[in-house]
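Chemist: Below: one structure in C-alpha cells.
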Amino acid sequence: MLKADPPPAAPLPSQRRAALLALASPLLILLALLGLLHRSGAARWEVLPALLIGSGLLLTSLHRRRRRRKELLRSLRKSPPG
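Read in this note's numbering, the sequence shown has 50 at position 69, and its numbers run on one by one without any break.
Next up, the structure:
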C-alpha cells in the first residue's frame, strides 16, 4: 500500500518572511563569531566564509537602502507641490 505524500507546507506570510530574511545576515555573523570563539588554530579559518558572506549581505542591504532613500528624496523634491 502506497502512502500519500504529505501536503506542502503553507508559505510564510510576507511580513514574517521579511522579518526572517532581515535577521538572516546578523545571525550568520553571530554564528560565525561564536564559531571563531570556540575554535583554535587553523580551524578558525573555517568560519571566515560565513563571516564574510554575512558582512557582505549586511553591507549590500545598507547600501541598497541608502540608495533607495536618496532616489525617493530626489523624486519628492522634483515633483511639483500640491
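For every residue, glycine included, the Cβ atom is placed at its ideal position computed from N, Cα and C.
Given a cut-off of 8 Å, decide if L12 and A(-15) are closer than it, judged by their beta-carbon atoms.
Modeler: Not a contact, by the Cβ cut-off of 8 Å.
Chemist: Is G35 near S6, with beta carbons less than 8 Å apart?
Modeler: The answer is yes: Cβ separation under 8 Å.
Chemist: Taking the straight line between their C-alpha atoms, what separation do you get for R55 and L9?
Modeler: Their backbone Cα atoms lie some 34 Å apart in a straight line.
Chemist: Which same chain residues end up closer than 6 Å to S21 when comparing Cβ atoms and leaving out the 5 residues on each side of it in sequence?
Modeler: For S21, where only same-chain residues beyond five positions count, there are no Cβ hits under 6 Å.
Chemist: Could you give the residue range of the alpha helix (DSSP H) that holds A31?
Modeler: Note, A31: alpha helix (DSSP H), 29 to 59.
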